[in-house]
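**Student:**
Chains as they are written, first to last, in our numbering: chain X, 253 to 507; chain R, 27 to 272.
(1) Thinking just about the alpha-carbon of each residue, which of R/216, R/267 and R/218 is nearest to the one in residue 240 of chain R?
(2) Check each residue of the region 79 to 100 of chain R: if its Cβ is closer than 8 Å to any Cβ of chain X, include it; give the result in chain order.
(3) Rounded to a whole number of angstroms, what is the C-alpha to C-alpha distance between residue 121 of chain R and residue 81 of chain R?
(4) Under 8 Å, Cβ to Cβ, is there at least one residue of chain R near residue 326 of chain X?
(5) What span of residues does the beta strand (DSSP E) with residue 57 of chain R cover, start to end?
(6) Pull out every residue of the region 414 to 425 of chain X whose Cβ sits closer than 8 Å to any Cβ of chain R, in chain order.
(7) So with Cβ pairs under 8 Å, would you call residue 38 of chain R a contact of chain X?
(8) Run through the DSSP bridge pairs and tell me what residue 478 of chain X is partnered with.
(9) Whole angstroms are fine: how far does the CA of residue 209 of chain R sit from the CA of residue 152 of chain R?
(10) Taking the C-alpha atoms as reference points, what is the distance between residue 164 of chain R and residue 173 of chain R?
(11) Give a yes or no on whether the minimum CB-CB distance between residue 122 of chain R and chain X is below 8 Å.
(12) Anything in chain X within Cβ reach of residue 135 of chain R, meaning under 8 Å, just list it in chain order.
(13) Within 8 Å of any Cβ in chain X, is that where the Cβ of residue 237 of chain R sits?
(14) Looking at the secondary structure, which residues open and close the alpha helix (DSSP H) in which residue 151 of chain R lies?
(15) Looking at the secondary structure, which residues open and close the alpha helix (DSSP H) in which residue 237 of chain R lies?
(16) May I ask which residues mark the beginning and end of the alpha helix (DSSP H) holding residue 383 of chain X?
(17) Taking any Cβ of chain R, which residues in the region 356 to 369 of chain X have a Cβ under 8 Å from it, in chain order?
(18) Using alpha carbons as the reference points, say which of R/216, R/212, R/184 and R/237 lies closest to residue 113 of chain R.
(19) Is the region 221 to 239 of chain R touching the region 194 to 212 of chain R, taking contact as three or more C-beta pairs under 8 Å?
(20) Any Cβ of chain R within less than 8 Å of the Cβ of residue 322 of chain X?
(21) DSSP state of residue 34 of chain R, grouped into three classes?
(22) Shortest alpha-carbon distance to residue 290 of chain X belongs to which of X/487, X/495 and X/457?
(23) What residues from chain X crowd round residue 117 of chain R, counting only those whose CB sits closer than 7 Å?
(24) Could you spell out where the beta strand (DSSP E) holding residue 508 of chain X opens and where it closes?
(25) With DSSP collapsed to three states, give me the class of residue 257 of chain R.
(26) Of all the CB atoms in chain X, is at least one closer than 8 Å to the CB of residue 185 of chain R?
(27) Over what stretch of residues does the alpha helix (DSSP H) that includes residue 261 of chain X continue unbroken?
(28) Look at the Cβ atom of residue 212 of chain R, then the Cβ atom of residue 234 of chain R, and state whether they are nearer than 8 Å.
(29) Would you check if there are 3 or more beta carbon pairs closer than 8 Å linking the region 338 to 354 of chain X to the region 385 to 394 of chain X?
(30) Using CA coordinates, which residue listed in X/494, X/412, X/382 and X/425 is at the minimum distance from residue 396 of chain X?
(31) Can you name the residues of chain X whose CB is closer than 8 Å to the CB of residue 109 of chain R?
(32) Does DSSP classify residue 42 of chain R as helix, strand or coil?
(33) Tell me, which residues are paired with residue 112 of chain R by DSSP?
(34) Using a C-beta to C-beta distance shorter than 7 Å, which residues of chain R count as neighbours of residue 269 of chain X?
(35) When you check each C-beta in the region 427 to 454 of chain X against every C-beta of chain R, which residues fall closer than 8 Å?
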């Protein structure tokens, strides 16, 4: 192998030799490819847990908002503590959506790191929380749209057999909503994956930061940055393909 | 079929949507085993009345008693009473993400804590009764309209209800599928099920009803046995309506 490569290298044109030199300098020397690998692991770790947190927050906020919009009339008539609690929860949910969607994610990350969790140096966990809370706001609105697009007859059918509001949501509405929002949700996760590239701001060595570190070490920008871009691209394509398969499977179960 | 035990009783039942008054005070008694058919022109409030009975529409006035209990009382847990009131919708409203079998078993399993085996056994025997045993593992979208509505009926029956509410069950069906659904309903009536049926099927009303209720403009304009009401209507509004549909 090595012999074959040496042979190839000697006989190759200048630009190929150049390419090989650059590649060796940026990735092989000092095992710098491991930086990229570790960075990739970090990016995937943060994305994965942020997605989970985002979905959890999103479901809760979406249920609060739709319950408020759908049932306020009846609750108002019934009066009592439920009505006040619902009003309050809805106000909190709206404030959350406004603030999170109204400020850049980098700023939110910096505030989390330097103000809210200033005493903690577990930057990975802070990043997961920051990205999760950020994503939750967008996911909540996606879910809310999904819940509202499920035919009202489904609510009525669920309630008419005796399910209470929560049971109707869990058994009847949310499973149908998930199928409907899957493409939009997929898009949100792609956005989130790429948004984590700002994690370097709080000293996290994610994929982007790793590429930048290599650039700083070798003073050669092309190789590491293009490599980083390609890795993101491949992951997004892989993810899109997986979601496409899932969608087809869900559709099959219905027709 | 009627016994004297009153199952549902409404007192001055009213419903308005904002400024629009749909029900102006309905008094009705439905006894165990009764088959009550509600007819009337569109906009007369007959569907709203039916939907008020299990509080899918929240009444704005009056009282509803079900099995002796005031189900319009604020403290009443309506979910428990709804388990005893099966409902069939015009648009079927089957759960599209579940198989037919799951449509029938989910409520008994989650609400009545029936075991999976028992619930499935019961569901399969219900499906057999309506001639759909072979569709147990199909999804609702694979069924015809008539088949969907028959599944919707047995979904409600799976909860062992004391009364069945039908909200224009054949109005969304192709004409050739109306018969199969009415047949199931007739069978149910013969078995002594208490039924409240909002429908435009006058033939069904004549053949099956113990009592026909004619609603117009938010009130009960006239009611009586099918023979009385169809052959000898007293209210001019009833006469006019029957002339236009028969």
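Even glycine gets a Cβ: it sits at the ideal position worked out from N, Cα and C.
**Tutor:** With the given structure in hand:
(1) Here the question's residue 240 of chain R lines up with position 214 in the second chain. For the residues R/216, R/267 and R/218, the minimum Cα distance to residue 240 of chain R belongs to R/267.
(2) 80, 82, 84 and 100
(3) One-based indexing of the second chain puts residue 121 of chain R at position 95. One-based indexing of the second chain puts residue 81 of chain R at position 55. In a straight line, the C-alpha of residue 121 of chain R is about 21 Å away from that of residue 81 of chain R.
(4) Looking up residue 326 of chain X in the first chain gives position 74. So yes, residue 326 of chain X belongs to the interface.
(5) The residue given as residue 57 of chain R occupies position 31 in the second chain. That run of the beta strand (DSSP E) goes 46 to 57.
(6) 414, 415, 416, 419, 423 and 424
(7) For the purposes of this step, residue 38 of chain R is taken as residue 12 along the second chain, with counting starting at 1. No, residue 38 of chain R does not count as interfacial toward chain X.
(8) Against the first chain, residue 478 of chain X aligns to sequence position 226. Residue 478 of chain X pairs with nothing; no bridge assigned.
(9) Looking up residue 152 of chain R in the second chain gives position 126. Looking up residue 209 of chain R in the second chain gives position 183. Answer to the nearest angstrom: the Cα atoms are 15 Å apart.
(10) Along the second chain, one-based indexing puts residue 164 of chain R at 138. Along the second chain, one-based indexing puts residue 173 of chain R at 147. Distance between the alpha carbons of residue 164 of chain R and residue 173 of chain R: 11 Å.
(11) As a position in the second chain, residue 122 of chain R is number 96, starting the count at 1. Yes, residue 122 of chain R counts as interfacial toward chain X.
(12) Position 109 of the second chain, counted from the first residue, corresponds to residue 135 of chain R. Within chain X, no residue comes near residue 135 of chain R; the closest Cβ sits about 10 Å away, beyond 8 Å.
(13) In the second chain, residue 237 of chain R corresponds to position 211, counting from 1. Not an interface residue.
(14) One-based indexing of the second chain puts residue 151 of chain R at position 125. It spans 142 to 155 - the alpha helix (DSSP H) in which residue 151 of chain R sits, taken as one unbroken run.
(15) Position 211 of the second chain, counted from the first residue, corresponds to residue 237 of chain R. Unbroken run through residue 237 of chain R is the beta strand (DSSP E), 237 to 242; no alpha helix (DSSP H).
(16) Position 131 of the first chain, counting from 1, holds the residue named residue 383 of chain X. 375 to 401 is the span of the alpha helix (DSSP H), which, as asked, contains residue 383 of chain X.
(17) none
(18) If you number the second chain from 1, residue 113 of chain R lands on position 87. Ranking the options by Cα distance to residue 113 of chain R, first place goes to R/184.
(19) yes
(20) In the first chain, the residue the question calls residue 322 of chain X occupies position 70. No, no contact with chain R.
(21) Within the second chain, the letter at position 8 stands for residue 34 of chain R. The answer is strand: DSSP assigns residue 34 of chain R an E or B state.
(22) On the first chain, residue 290 of chain X is found 38 positions in, with the first residue counted as 1. Comparing Cα positions, the closest option is X/457.
(23) For this step, residue 117 of chain R is matched to residue 91 along the second chain. Correct list: 405.
(24) The requested residue 508 of chain X does not occur in the structure, where chain X is confined to residues 253 to 507.
(25) Sequence index remark: in the second chain, residue 257 of chain R carries index 231 (1-based). Helix at residue 257 of chain R.
(26) Numbered from its first residue, the second chain carries residue 185 of chain R at position 159. Answer yes: the Cβ-Cβ gap between residue 185 of chain R and chain X drops below 8 Å somewhere.
(27) Residue 261 of chain X sits at position 9 when you count from the first residue of the first chain. Residue 261 of chain X -> alpha helix (DSSP H) spans 254 to 263.
(28) If you number the second chain from 1, residue 212 of chain R lands on position 186. If you number the second chain from 1, residue 234 of chain R lands on position 208. Yes, these two residues count as a Cβ contact at 8 Å.
(29) yes
(30) Working through the first chain from its first residue, we reach residue 396 of chain X at position 144. Here the closest residue by C-alpha is X/425.
(31) Sequence index remark: in the second chain, residue 109 of chain R carries index 83 (1-based). Correct list: 413 and 414.
(32) The sequence position of residue 42 of chain R within the second chain is 16, counting from 1. If DSSP states are grouped into helix, strand and coil, residue 42 of chain R belongs with the strands.
(33) Walking along the second chain from the start, residue 112 of chain R turns up at place 86. In the DSSP output, where bridge partners are listed per residue, residue 112 of chain R has R/190.
(34) Along the first chain, one-based indexing puts residue 269 of chain X at 17. Those do not exist, as residue 269 of chain X stays about 60 Å from chain R at its closest Cβ, beyond 7 Å.
(35) 427, 428 and 431
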